[in-house]
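See below for the structure under consideration.
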Amino acid sequence: TRAGEAKAVPHALAERAKVTPLKISLMTGASLGNDLDKQLTESGVLSRRMPFQVDSTLRKAINNGTVMFIDQHLSDTVELLRNRQIKAVDLAVIECVAITEEGHLVLSTSVGNSASFAILAKQVIVEINLSQPLELEGLHDIYIPSYRPTRLPIPVLEADSRI
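Each residue of the sequence shown is one higher than the one before, counting from 231 in my numbering.
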């Protein structure tokens, strides 16, 4: 399966839109698979998309003004959200391989902005990907920096440093 891409919820939104029209603004940690952006565009679900896309159907909708698009560096999205310069995330859909007993999410093979989206969203849906190994737990170094202007450097100083 594609790395880190929520699968069930976006497809369900596209299917629901065939019966009950709805619109969403979609932020991702990177690109989605072409078929998912295409399906969401063709079903009329997307009103806004950021910060990245690679699908020709979506690109046509952006160029003709049907879908608003912000083309920016991936790291800028979280800064804009944290500083309330763009509307808050209502719902984050995060792909994981497990949820620990402590309630921690074990992300799949893609992290991107997932941790920040989970922190900043009003609600979170976790999609469990059973095709990826549980041994991914502990693989990712995820660090959420403090807010500017008091942000310090990431505290990785030695080869064996952990954050």
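Ideal Cβ placement from N, Cα and C applies to all residues, glycine included. Values in this document were obtained by computation on a predicted structure and should not be read as measured data.
- Per the C-alpha coordinates, the member of 328, 379 and 374 positioned closest to residue 365 is 328.
- When DSSP states are grouped into helix, strand and coil, residue 239 belongs to the helix group.
- In this structure, residue 350 sits away from residue 323, with a CB-CB distance that is not shorter than 8 angstroms.
- When DSSP assignments are scanned along the region 350-388, no uninterrupted stretch of alpha helix (DSSP H) that is 4 or more residues long falls wholly within it.
- Under DSSP, the beta-bridge partners assigned to residue 255 are 278.
- Annotation: residue 354 to residue 235 spans about 15 angstroms, alpha carbon to alpha carbon.
- Under the three-state reduction of DSSP, residue 348 is assigned to helix.
- Within 10 angstroms of the beta-carbon of residue 361 lie fewer than 16 other beta-carbons, which makes it exposed.
- Annotation for residue 374: 345, 346 and 349 place their beta carbon closer than 8 angstroms to its own, counting only its chain and skipping 5 residues before and after.
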